[in-house]
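S.K.: Numbering (the UniProt record's numbering), first residue to last: 1 to 301.
First the structure, then my questions, so here it is.
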Amino acid sequence: MTDTTTEMDGNVAELRNTVRDPKGQGDPKSYRISKDGETTRHEDAAWADKDLKMYTRDVHVHYGDNHAIKGVSVDVRPNEVLALMGPSGCGKSTFLRCLNRMNDPVPNARIDGTIALEGENIYDKDYDVVMVRLRIGMVAQAPNPFPKSIYENIAFGPRLHGLTDGKEELDEVVENSLRRAGLWEEVKDQLHQPGTNLSGGQQQRLCIARAIANEPEVILMDEPCSSLDPVSTNTIEELIMELKKSFTVVIVTHDMQQAERVSDRVAYFHLGDLVEVGPTNAVIRDAQDQRTKEYVSGHIG
Numbered sequence: 001m002t003d004t005t006t007e008m009d010g011n012v013a014e015l016r017n018t019v020r021d022p023k024g025q026g027d028p029k030s031y032r033i034s035k036d037g038e039t040t041r042h043e044d045a046a047w048a049d050k051d052l053k054m055y056t057r058d059v060h061v062h063y064g065d066n067h068a069i070k071g072v073s074v075d076v077r078p079n080e081v082l083a084l085m086g087p088s089g090c091g092k093s094t095f096l097r098c099l100n101r102m103n104d105p106v107p108n109a110r111i112d113g114t115i116a117l118e119g120e121n122i123y124d125k126d127y128d129v130v131m132v133r134l135r136i137g138m139v140a141q142a143p144n145p146f147p148k149s150i151y152e153n154i155a156f157g158p159r160l161h162g163l164t165d166g167k168e169e170l171d172e173v174v175e176n177s178l179r180r181a182g183l184w185e186e187v188k189d190q191l192h193q194p195g196t197n198l199s200g201g202q203q204q205r206l207c208i209a210r211a212i213a214n215e216p217e218v219i220l221m222d223e224p225c226s227s228l229d230p231v232s233t234n235t236i237e238e239l240i241m242e243l244k245k246s247f248t249v250v251i252v253t254h255d256m257q258q259a260e261r262v263s264d265r266v267a268y269f270h271l272g273d274l275v276e277v278g279p280t281n282a283v284i285r286d287a288q289d290q291r292t293k294e295y296v297s298g299h300i301g
C-alpha cells in the first residue's frame, strides 16, 4: 500500500462542495460531497487528520477479480462509536477486517489506499502487524473463547506480549478486564473453569474482556450481538456505551435500531461503496442518497 493521504487531502479540499441548509430550514449541518459524488457526508464539524484516531483514504479491496471495497475514505474519531451499516454482502465486514489487517492472510486479497492509526499507515512495510493487532482489538460475530479457562482467556494476550510484570499484576489485569466487561461478579468463583462453559452472552463478554486486556486503542466488533438473545444483546449494547469512555469502537451492524442506540456516527455501505456517512440521526432520519433511503425504509435488506 502507498500513502496517498497528502494527494487525497489536496484533491478533496479543492473539489469538495459544501451546501448548507439544503431544505431551507436553517439547519446548520453541512453536506460535503466527495470528489466522485458517491459519498454524502453529513458532518457536524471538520476534523484534521492529525486529530483523528484512524482514517482511511481511497481504500480498495480486491479478492482476485472481485472488487469488494471501492475507494472508501472515512474518519474514525477518538472515543466514538462508529457503526458500519448496510445489507448483507455490502462490504462492511470486509472493510472492518482491513482496519487491523485481518485480510492479510486471505488468498488473492489486495488492499490499496491508506489506512492510518494516529497518522501512521498501518500497511507500511515497516509497521509490525503484531503491533497493529495489539493496538486495534477485534471481537468476532460469534463468541469464540479459547479452549482454556476463563482466567487463561484473559491472561493469554498480556502474557504473550509481556504487558505485565509477574502474577500479581496479571491477576489484576484479569480482574479489571472482567470488571470492565461486566462479567467479574458472575465468574469470579469459577476463573479456572473452561470459558466454553459460559452462556452465549457471557462468552461474548469474555471475548470483549480478552480484547481489552491488551489495552488497545480501538476495538472492532463484527455484529457482536447477532447470535445473542435480547437480554444479552442489551447487556452488550450497554457495555459498548461504557467502553467508548476509554476506547474508540467500530461496530458492524445490520440493525438500524442498534445503530441508533449505540453509535455516534454511521457509515452506510452498498455494494462496496461508502454511500453516506455522518451523525447517526442525520443518516437514518434524514438520508440524502436514494440507496440509503431505500435501506432505512426497509426496501433493501
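We put the beta carbon where it would ideally sit given N, CA and C, even for glycine.
Quick check: what's the CA-CA separation for G182 versus K245?
M.R.: G182 and K245: Cα-Cα distance of roughly 15 angstroms.
S.K.: In chain order, what residues of the same chain lie with their CB nearer than 6 angstroms to the CB of A68, ignoring the 5 residues before and after it?
M.R.: So the qualifying residues of the chain are V61, G91, T94 and G272.
S.K.: Would you check if there are 3 or more beta carbon pairs closer than 8 angstroms linking the segment 237-257 to the segment 211-226?
M.R.: Taking 8 angstroms as the limit for Cβ pairs, the verdict is that the segment 211-226 does touch the segment 237-257.
S.K.: Measure how close the beta-carbons of Y151 and L206 come, nearest whole angstrom, since I'm counting them as under 8 angstroms.
M.R.: Rounded, the Cβ-Cβ distance is 11 angstroms, inconsistent with contact.
S.K.: Under 7 angstroms between the Cβ atoms of N121 and T114?
M.R.: Taking 7 angstroms as the Cβ cut-off, N121 and T114 qualify as a contacting pair.
S.K.: Between which two residues does the beta strand (DSSP E) holding P145 run?
M.R.: Run containing P145: none; DSSP gives neither H nor E here.
S.K.: Looking only at its chain, what residues have a beta carbon closer than 8 angstroms to the beta carbon of G10, apart from the 5 residues adjacent to it on each side?
M.R.: Any reading at G10 must be qualified, since the residue scores a pLDDT of 38, below 50, and its modelled position is unreliable; no value is offered.
S.K.: Within the same chain, show all residues whose beta-carbon is closer than 7 angstroms to that of P145, passing over the 5 residues directly before and after it, in chain order.
M.R.: Result list for P145: N153, G195, T196, Q203, L206 and C207, in chain order.
S.K.: Which residues mark the beginning and the end of the beta strand (DSSP E) in which R159 is found?
M.R.: No beta strand (DSSP E) contains R159, which is instead part of the alpha helix (DSSP H) from I150 to L160.
S.K.: In the DSSP assignment, find the unbroken alpha helix (DSSP H) run with S93 in it and report its ends.
M.R.: Taken as a continuous stretch (DSSP letters only), the alpha helix (DSSP H) holding S93 covers K92 to C98.
S.K.: Counting along the chain, where does the alpha helix (DSSP H) carrying L271 start and finish?
M.R.: First-last for L271: undefined, no H or E at that position.
S.K.: Tell me whether the segment 128-139 and the segment 168-178 touch, counting them as touching only if at least three CB pairs, one residue from each stretch, are closer than 8 angstroms.
M.R.: No: fewer than three Cβ pairs fall under 8 angstroms.
S.K.: If we ignore side chains and look at the alpha-carbon of each, how far apart do D75 and F269 end up?
M.R.: Going by the C-alpha atoms only, they are around 14 angstroms apart.
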